[in-house]
């Protein structure tokens, strides 16, 4: 088993677990946090597949913009933002 | 409640107040004469230059009198509203000043002991708002039609009025200046009764 | 929108509250829709305190009214007593009072400048202003030996004559300070960022300002030429020739300009006073027994119209003392000024009003 | 699916790892080799990993030392600007004041506010700190002193810059504090809106140099002209954007201490707060370094060794940041956003046009 395969398995498993946690999380902001994790893991998978440009754009657009947009969406549409 | 759609109003087209630089030619005697003709039962005196005085003012006439002061005699500014405890009665002292005529009128209104209430003038001058609140806070004098007559300096839920004369300071806080500033022998703080005095506040 | 309408408590422990007070701000997003000032954290029952002290004993506690302008509060108290009992002050006493008051005004305005610049984020100006204030505090120390609570005016004059070297030291300081004021213009006024933070922010219409009872630099910043040193002269002020600082812009910048110009004018007055000061005693005769009577005095505090009302019942203690603090009224008008602006404007607007909680809570 | 071979993966990062930190030539590599030979392990892949870890530690140390010096420099310079002395008690000329502060932060209690969201509160700390440290991994500091020298280094640096905003808004929310929430929103809005003009400006540099690689951009400038000369508009736009991106005065609206106590960091205490502060300086360092690399000719310069030139320029740029902090008040948040969208974005587009023009007709200007 080569070290690349180990790397791939770890990252892919992380992506899957994070995706599951994203779906199952009761707190919606946590879901967004996990979602960002999923996207970063996928970017790492792109790096592993030698698609560096796609990986970088994945981080720049999805983590840098889409997640923030989702978070703003969550926080601007909920009645009670703060927890206490 | 606030206006739900706040707008920022630039001061364009507002009244120009630069005429206040030079004093008006109206003398204090003319103001007194004007007040005498309008309110014959009110006694207005000239104490010194720029200082008018008006004692034993009937409290029912207050808002009418103040409206006249503001609208016809250009008294723009409430310097102060002070409460007072005369022991036989309550008293509210108004100091209303005119930038234009450069004079100040002092109005002393006595309120009966059993009914410490008077009409508010905060509708006429916004500056009187918190002074009236403070007077209520300290003396328990209520101002009718006041927009928000609540405690301002003491905490909410205070059940006494500290500036009333029958509000006793704690004895061991009170310094006996007649005996060369020595504190009397401190008595133990026992109950709240000494603190609240025998006042009904 | 869910962000809509939440109350933010700014204070009592918040960097913008110079003192101990709370400003509850109701915001819609970042826009202020309502505000409510809450004061009273420093309430000491000052007026009741005065009722339990005899007349000279009240002077030191007047120092504690405003901790950055003690001298002017001492002065308004002693002039109220003098008005009540018709006590004459020797002219030299009046002149020294005027000098002390103007030094105090500059020191107070410098504290205001320091805190205002901190509010809008320029710490350099804060340190510069504090540096210059030190010189004026040194002057006051030379006059009365204290740096913060002066206890200098007395009923009927001032406690002691000024030291021999004082006029020279004072003139030197004033000349030096006017040079420094030009330096401030380079640092603060010519900065575009400062202008966009202060111009067009915190409009206060002149009619509103008058109606809400706002006095002092805030009122003059709204274009209303009212300065009690001119319009209701007291002490030795009629002897001096000075300009009233008035700006017509009605915004934070105008209030800033008014205070900066007032510092210039104060320097001017100090120079004239030092030139014209007559010889003679500094402390007049005060009566041993105080008769019945009532009286008041109002002066132009660095923050606005200070007013002291005294009722005397023939004993050695006042029967009733009422203090009108300019900031007490100004802070009540805060909601009217703040409404419609952003949360980020709160420090700059409230900073331009020059809060001092010692005098407003009393 | 076939995975790329081991060599291919190393090529992803654009360089053989042996080149890493080449200035201290092969120090990580020889340390790793020594350790492994001492343990009698002959595993090239483990050697590779160990080299990587040691190189990372060296990079971290280099960055941290620089950050400590930056903080000291800022304090001293700010002191001079403000007509005071700055730190001078702890250590020679107050140099160890930072260490004293760090120690103080270490012994403070780490408070988790009541009703705060633990996951959001703590994980965002990790994300913010890690992503900021990661930027320096792709920023070369000399022709032979870098961690990686990937072909897309410039883009990667800004991609890593862009990770922070979402963490900040979650941090602000998780603190369960209104100031933090507003600060988080402000921070994110500001970073997002300043990334657009910044990236367009960077793109104009890329158009001229024809590459995303930092080293090649610097080499291009060395052989032609520093990009600050033809792209002066872009330089100014980039300077303002980077100051907004790293949230320093006059653009420190997210942690404007006058209105929002300390913005999204309000509830963080002790070493967590210290880490955030440290992170902000790491970002300042990275921002200044990128600015030096793409506009000011990087490490090129006469006589002195390249690494020294690089640090001289970085500290000069940082002094510019400190100067701005000392002389300007804070800008309001809506003015910040207006400036970003209404002034800097058109300016960056103009700059882009100039770059395109120079690319086509650049022969006249030796570009």
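Residue numbers (this note's numbering), protein chains in the order written: chain A, 26 to 109; chain B, 7 to 207; chain C, 2 to 363; chain D, 126 to 492. Beta carbons: idealized from backbone N, C-alpha and C, even for Gly.
Contact annotation for residue 162 of chain D against chain A: no contact, minimum CB-CB distance about 20 Å [criterion: below 9 Å].
The shortest CA-to-CA distance from residue 89 of chain B to any of B:29, B:49, B:79 and B:126 is the one to B:126. Residue state for residue 251 of chain C is assigned as coil, using DSSP reduced to three classes. For residue 381 of chain D, the CB contacts under 7 Å within the same chain, skipping 5 residues up- and downstream, are 388 and 455 in chain order. Between residue 344 of chain C and residue 33 of chain C, the C-beta spacing is below 9 Å. According to the DSSP assignment, residue 137 of chain B belongs to the alpha helix (DSSP H) that extends over 134 to 145. Taken through DSSP and simplified to helix, strand or coil, residue 353 of chain D comes out as coil. Against residue 232 of chain C, the close residues of chain B are 26, 29, 105 and 108, in the order they occur along the chain (beta-carbon pairs closer than 8 Å).
Below the 8 Å Cβ cutoff, chain B contributes 159 as neighbours of residue 362 of chain C, in chain order. In this structure, residue 385 of chain D keeps its C-beta atom at 9 Å or more from the C-beta atom of residue 450 of chain D.
Less than 9 Å separates the beta-carbon of residue 130 of chain C from that of residue 112 of chain C. Proximity of chain D to residue 7 of chain C at the Cβ level (cut-off 8 Å) is accounted for by 303, in chain order.
Just so you know, the alpha carbons of residue 368 of chain D and residue 339 of chain D end up roughly 21 Å apart. Given a length threshold of 4 residues, each whole run of the alpha helix (DSSP H) inside the region 147 to 228 of chain D is given here in chain order: 152 to 163 and 169 to 206.
Taking a Cβ-Cβ threshold of 8 Å, the residues of chain A close to residue 245 of chain D are 54, 55 and 58, in chain order. Counting of Cβ neighbours within 10 angstroms places residue 152 of chain B among the buried residues, the total reaching 16 or more.
Under DSSP, residue 100 of chain B shares a beta bridge with B:87 and B:113.
The alpha carbon of residue 209 of chain C has as its nearest neighbour, out of B:129, B:171 and B:161, the alpha carbon of B:129. Pairing residue 53 of chain C with residue 83 of chain C, the inter-Cα distance amounts to about 19 Å. Remark: C-beta atoms of residue 71 of chain C and residue 105 of chain C approach each other more closely than 9 Å.
Close CB contacts of residue 270 of chain C within its chain, under the 6 Å cut and outside five residues either way in sequence, are with 103, 241 and 243 (chain order). Think of a sphere of 8 Å around the beta carbon of residue 81 of chain A: the chain D residues whose beta carbon falls inside it are 277, 280, 281 and 284, in chain order. Identification of chain D residues near residue 70 of chain A by a Cβ-Cβ cut-off of 9 Å yields none; the smallest Cβ-Cβ distance measures about 11 Å. Residue burial annotation: residue 201 of chain D is buried, with at least 16 other C-beta atoms found within 10 angstroms of its C-beta. Going by DSSP, residue 57 of chain B is part of the beta strand (DSSP E) stretching over 57 to 63. With a minimum length of 4 residues, the unbroken runs of alpha helix (DSSP H) contained wholly in the region 81 to 125 of chain C fall at 92 to 120. Around the beta carbon of residue 424 of chain D, a 10 Å sphere encloses 16 or more other beta carbons of the protein chains shown; the residue is thus reported as buried.
Interface residue (Cβ-Cβ distance to chain A less than 9 Å): residue 401 of chain D is not classified as such. Scanning its chain for C-beta atoms nearer than 8 Å, with the 5 sequence neighbours on each side dropped, one finds around residue 185 of chain D the residues 258, in chain order.
One finds 84, 85, 88, 89 and 90 in chain A with Cβ atoms closer than 8 Å to the Cβ of residue 287 of chain D, taken in chain order. Around the C-beta of residue 187 of chain C, fewer than 16 other C-beta atoms lie within 10 Å, and the residue is accordingly described as exposed. A straight-line Cα-Cα distance of about 5 Å links residue 477 of chain D and residue 329 of chain D. Contacts with chain C at 9 Å (Cβ-Cβ) do not include residue 222 of chain D. Residue environment analysis places residue 397 of chain D among the buried positions, since at least 16 neighbouring C-beta atoms fall within 10 angstroms of its C-beta. Against chain C, the CB of residue 85 of chain B has a partner CB under 9 Å away; the residue lies at that interface. Contact of residue 152 of chain B with chain C by beta-carbon distance below 7 Å is absent, the smallest such distance being about 13 Å.
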